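Novice: I'd like to ask you about the structure that follows.
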Amino acid sequence: MTLSKEQTIGEVVAQDFRTAPVFEKYGLDFCCGGNQSIESACDASGVDVESLLTALKQIERENKSNIDYNAWPIDLLADYIEKTHHRYVSQQIPLLKAYLEKISNVHGDRHPELLEIKELFDGCAEELTSHMQKEEKVLFPFVRKMVSAKQSAEAELAIPFGTVQNPISMMMHEHDAEGERFRKIAQLSNQYALPADGCSTYKVAMDALKAFENDLHIHIHLENNILFPKAIALEEDLV
């Protein structure tokens with residue numbers, strides 16, 4: 001893995017996903033903020049860039065397995081995102097909504113922030129559901145169609161939305177919105193901490209919210225930093 005402070009965070013995580021927890025530890029966004037260089041992200045967050053680079057190089061030295069998503073064909077990556085991350089979101093939304101409803105009713109008088117967290121998550125659930133449907137019905141099928149056209153040397157590829165960059169721009173804008181929404185949830189919940197008077201359902205809800213955010217970071221990273229750039233490059237190669 002090549003490594004320099006001029007690289008973007010997204011490029012580094014795309015090369016080796018084991019680096020993602022390092023960026024998270026230093027409070028640096030590798031999904032929605034993945035287009036920032038390491039140096040500029042560190043400057044903006046007050047992080048010592050040399051300390052971060054040392055931690056990243058330590059990951060490189062560790063002999064652990066690493067899934068190289070960047071080497072996958074993009075139709076396979078689209079399938080993986082849909083069957084892994086989309087499915088996870090769909091399964092977790094009703095559970096989390098039920099948990100948040102319960103703890104808001106029980107603890108909302110002492111912890112009014114729960115009402116705002118519930119409202120934010122309800123908005124996230126609605127938007128993500130719509131977002132995933134657009135990917136599954138429009139963007140991902142077109143990605144697969146481009147791969148098929150490339151493999152069969154198809155003479156002409158019909159592009160119903162002008163260019164693949166149009167739906168991709170919309171998806172990235174929506175990623176930014178959900179990333180910001182979860183930053184607010186994390187802040188309101190004190191990074192998903194359990195208060196002294198929190199019950200077991202409260203703990204389960206906070207743990208589930210944190211896991212949901214972690215999965216969302218991976219989900220957005222795979223699209224913003226790997227799938228989308230490759231889809232744009234493939235379209236340029238075909239037209």
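Here the sequence shown stands for residues 1 to 239, where the numbers follow UniProt numbering. C-beta atoms are modelled at their ideal positions from N, C-alpha and C, and glycine is treated no differently. All of these numbers come straight from a predicted model, not from anything done at the bench.
(1) If you follow the alpha helix (DSSP H) that K118 is in, where does it begin and where does it stop?
(2) How would you write the range of the alpha helix (DSSP H) that G179 sits in, first residue to last?
(3) Short of 8 Å in beta carbon distance, which residues of its chain neighbour T163, apart from the five on each side in sequence? Order them along the chain.
(4) Under 8 Å Cβ to Cβ from V22, same chain only, skipping five residues before and after it: list those, please.
(5) Going straight from the alpha carbon of L238 to that of L157, what length do you get?
(6) Does DSSP put S37 in a helix, a strand or coil?
(7) Cutting at 7 Å between CB atoms, please list the residues of its own chain near T8, excluding the five before and the five after it.
(8) Out of curiosity, what's the CA-to-CA distance linking K230 and Q165?
(9) So the alpha helix (DSSP H) residue 277 belongs to, where does it begin and stop?
(10) Terminal residues of the continuous alpha helix (DSSP H) containing D79?
(11) Taking the alpha carbon of Y88 as the point to measure from, which residue in S148, E11, F212 and A233 has its own alpha carbon closest?
(12) Just the C-alpha distance for L222 and Y99, rounded to the nearest angstrom, thanks.
(13) Starting from the C-beta of I93, find all residues in its chain whose C-beta is less than 6 Å away, skip the five residues before and the five after it, and write them out in chain order.
(14) To the nearest angstrom, how far is it from the Cα of N105 to the Cα of A71?
(15) Alpha carbon to alpha carbon, what distance is there between H86 and M30?
(16) Give a yes or no on contact between the stretch 106 to 124 and the stretch 169 to 176, applying the rule of three or more CB pairs nearer than 8 Å.
Specialist: Walking through what the data contain:
(1) Note, K118: alpha helix (DSSP H), E113 to K134.
(2) Looking at the DSSP string, the run of the alpha helix (DSSP H) that includes G179 is Q165 to L188.
(3) The answer, listed in chain order, is E235.
(4) Contacts found: L52, A55, L56 and I59.
(5) Straight-line Cα distance between these residues: approximately 8 Å.
(6) In the structure shown, S37 adopts extended strand secondary structure according to DSSP, grouped into three states.
(7) Correct list, in chain order: G34, N35, Q36 and S37.
(8) Each residue's Cα considered, the two are about 11 Å apart.
(9) There is no way to answer for residue 277, as the model of the chain reaches only from 1 to 239.
(10) For D79, the enclosing alpha helix (DSSP H) covers residues I74 to Y80.
(11) With distances taken between Cα atoms, Y88 lies closest to F212.
(12) Cα-Cα distance, rounded: 28 Å.
(13) Short of 6 Å from the beta carbon of I93, and not among the five residues preceding or following it, lie these beta carbons of its own chain, in chain order: A125.
(14) Cα to Cα, the separation comes out at about 47 Å.
(15) It is Phe, not Met, that sits at residue 30 in the sequence shown. Using only the alpha carbons, I get a separation of about 19 Å.
(16) Judged by Cβ distances under 8 Å, the stretch 106 to 124 makes no contact with the stretch 169 to 176, as fewer than three pairs qualify.
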